[in-house]
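Residue numbers (the UniProt record's numbering), protein chains in the order written: chain D, 1 to 245; chain H, 1 to 245. Read the structure below first, then the notes.
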């Protein structure tokens, strides 16, 4: 039995999310079915971040045990073959020690959120960005974002169905920068609450529009009440970009 | 009557190409139908480059005459509204003189071709790049590409169904560069033969793989025979990026 670390890219659009659900195709199901077609083993794949429906991944990390012996190159080629036509690609395959676990060994996670900030809607990037027509002040968003960095009770940015034991998380980085027509937000933490990144982005958008100040963001955080913060940004703009161990 | 210059972004995947055809939806049809819903005028839209099925545009230029009086902002907003759900966006709308013609006034065109050069297939970029697994030498491709720059008889790179009167074209720029996992080819000319860019890319790929030298490219050009050059690269990687006037 060999434990493997898989690094995955996927387009979240056709999926109900990472996790297996009865109401539609999931990334986990696509991957586990590809593994079955390769090894005839029925496995459960763990991952660093169980993304929601429509959320994408540039480098999701997953782990799985396989009894079938094969080289890393063979595992990668076979899984990419059997994953077709799903928009999921295995970027890297590495053998790891039996105590490695994609979720529980993970020391930190990073997300990218892309806002397409222009008058015209997204054509080529439809479903992969949040289209915001009105001009956003990325510098003001970045300044306000710093009010959220550090260890806080993030109840105001937590989805009602969040299963985390504690609302206290340590946000190590929340950066906002304009890149051409896009406003890009990068968030890093050991772990996040459910919808935390999308709720922070929806709140920072209010700052970018000039409707909120950095002080409003601080007050929303202090309220420890979801209704005190901004709306949840759409899934389409969110990308899981990195997990470190 | 006002003539308008439209700058368009579109995802070529759902379309049979720019031009109206009986066998499926075209960008031209989507745009003309959106115009009809806006002004109840039945118009014919001209464009700078009639892209093939699956070819994308970052900034296609089109022109059309409208009797309905409206500001440029109103025309843009109305067309973007009526174009939904097609993946076509009107990026800019400008009033132009009656003698402006998107196709016949065009002084030059530019295309980008994107090759995803990695072992894993495209997931997020599926349908928008050409996936080439084996390593490509972009520097060798760029050097060989310079053999095609200038005025030549491009019969070896011309589709059999090309309707151009002459196979002689002046290629002003053909540049190849690696950008991370991608090899990007930029081509500029006053005009191109049908499939010329895709046929040049398919030929340069042979050089990138080390199967052809720059001298092979020169010989293919001199042969003035389509069978002497490399295969046609897939439509998915091609983007119309610029038209100048």
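Every residue, glycine too, gets a C-beta built ideally from N, C-alpha and C. The structure presented is a predicted model; accordingly, all values stated were derived computationally and were not measured.
At the 7 Å Cβ level, is residue i part of the contact set with chain D, yes or no?
{"i": "residue 138 of chain H", "result": "no"}
{"i": "residue 117 of chain H", "result": "no"}
{"i": "residue 11 of chain H", "result": "yes"}
{"i": "residue 236 of chain H", "result": "no"}
{"i": "residue 177 of chain H", "result": "no"}
{"i": "residue 121 of chain H", "result": "yes"}
Can you round the beta-carbon distance between residue i and residue j to whole angstroms, since I take them to be within the 8 Å contact cut?
{"i": "residue 136 of chain D", "j": "residue 64 of chain D", "result": "Incorrect: roughly 41 Å between the Cβ atoms, too far for contact."}
{"i": "residue 177 of chain D", "j": "residue 142 of chain D", "result": "7 Å"}
{"i": "residue 95 of chain H", "j": "residue 72 of chain H", "result": "6 Å"}
{"i": "residue 75 of chain H", "j": "residue 4 of chain H", "result": "6 Å"}
{"i": "residue 90 of chain H", "j": "residue 8 of chain H", "result": "6 Å"}
{"i": "residue 57 of chain H", "j": "residue 113 of chain H", "result": "That belief does not hold up - the Cβ atoms of residue 57 of chain H and residue 113 of chain H are roughly 13 Å apart, past 8 Å."}
{"i": "residue 147 of chain H", "j": "residue 214 of chain H", "result": "6 Å"}
Taking only three categories from DSSP, how would you classify residue i?
{"i": "residue 205 of chain D", "result": "helix"}
{"i": "residue 16 of chain D", "result": "coil"}
{"i": "residue 3 of chain D", "result": "strand"}
{"i": "residue 157 of chain H", "result": "helix"}
{"i": "residue 147 of chain D", "result": "helix"}
{"i": "residue 28 of chain H", "result": "helix"}
{"i": "residue 108 of chain H", "result": "strand"}
{"i": "residue 170 of chain D", "result": "strand"}
{"i": "residue 70 of chain H", "result": "coil"}
{"i": "residue 65 of chain D", "result": "strand"}
{"i": "residue 163 of chain D", "result": "coil"}
{"i": "residue 131 of chain H", "result": "strand"}
{"i": "residue 56 of chain D", "result": "strand"}
{"i": "residue 39 of chain D", "result": "helix"}
{"i": "residue 125 of chain D", "result": "coil"}
{"i": "residue 175 of chain H", "result": "strand"}
{"i": "residue 50 of chain D", "result": "coil"}
{"i": "residue 101 of chain D", "result": "coil"}
{"i": "residue 192 of chain H", "result": "coil"}
{"i": "residue 8 of chain H", "result": "strand"}
{"i": "residue 221 of chain H", "result": "helix"}
{"i": "residue 136 of chain D", "result": "coil"}
{"i": "residue 142 of chain D", "result": "helix"}
{"i": "residue 235 of chain D", "result": "helix"}
{"i": "residue 183 of chain H", "result": "strand"}
{"i": "residue 88 of chain D", "result": "strand"}
{"i": "residue 114 of chain D", "result": "strand"}
{"i": "residue 243 of chain H", "result": "strand"}
{"i": "residue 45 of chain D", "result": "coil"}
Quick check on residue i - is its C-beta less than 7 Å from some C-beta in chain H?
{"i": "residue 164 of chain D", "result": "no"}
{"i": "residue 124 of chain D", "result": "yes"}
{"i": "residue 25 of chain D", "result": "no"}
{"i": "residue 199 of chain D", "result": "no"}
{"i": "residue 80 of chain D", "result": "yes"}
Quick one: which chain C residues come within Cβ less than 9 Å of residue i?
{"i": "residue 30 of chain D", "result": "Of the protein chains in the structure, D and H, none is chain C."}
Does the region 43–60 of chain H come within contact of the region 14–25 of chain H, defined as at least 3 CB pairs closer than 8 Å?
With contact defined as three or more Cβ pairs closer than 8 Å, the region 43–60 of chain H and the region 14–25 of chain H are in contact.
Along the region 86–97 of chain D, where does the CB come closer than 7 Å to a CB of chain H? Name the residues.
Here the close residues are 87, 88, 89, 90, 91.
Does the region 181–201 of chain D touch the region 232–241 of chain D, meaning 3 or more C-beta pairs lie closer than 8 Å?
These segments touch.
At a cut of 8 Å, does the region 149–166 of chain H reach the region 213–230 of chain H through at least three beta carbon pairs?
Contact holds: three or more Cβ-Cβ distances are below 8 Å.
Quick one, which residues of the region 48–59 of chain H are near chain D if we go by CB-CB under 9 Å, in chain order?
Within the region 48–59 of chain H, the residues whose Cβ lies closer than 9 Å to some Cβ of chain D are 56, 57, 58, listed in chain order.
Are the region 192–208 of chain D and the region 75–92 of chain D in contact at 8 Å, needing three or more beta carbon pairs?
Taking a cut-off of 8 Å for Cβ pairs, the region 192–208 of chain D and the region 75–92 of chain D do not touch, as fewer than three such pairs fall below it.
Please confirm if the region 203–222 of chain D is in contact with the region 20–30 of chain D, defined as three or more CB-CB distances below 8 Å between the two stretches.
Contact between the region 203–222 of chain D and the region 20–30 of chain D is absent: fewer than 3 CB-CB pairs across the two stretches fall below 8 Å.
Cβ-based contacts, 7 Å cut-off: residues of the UniProt domain "Pseudouridine synthase I TruA alpha/beta" (144–245) of chain D near chain H:
The UniProt domain "Pseudouridine synthase I TruA alpha/beta" (144–245) of chain D vs chain H, Cβ under 7 Å: nothing.
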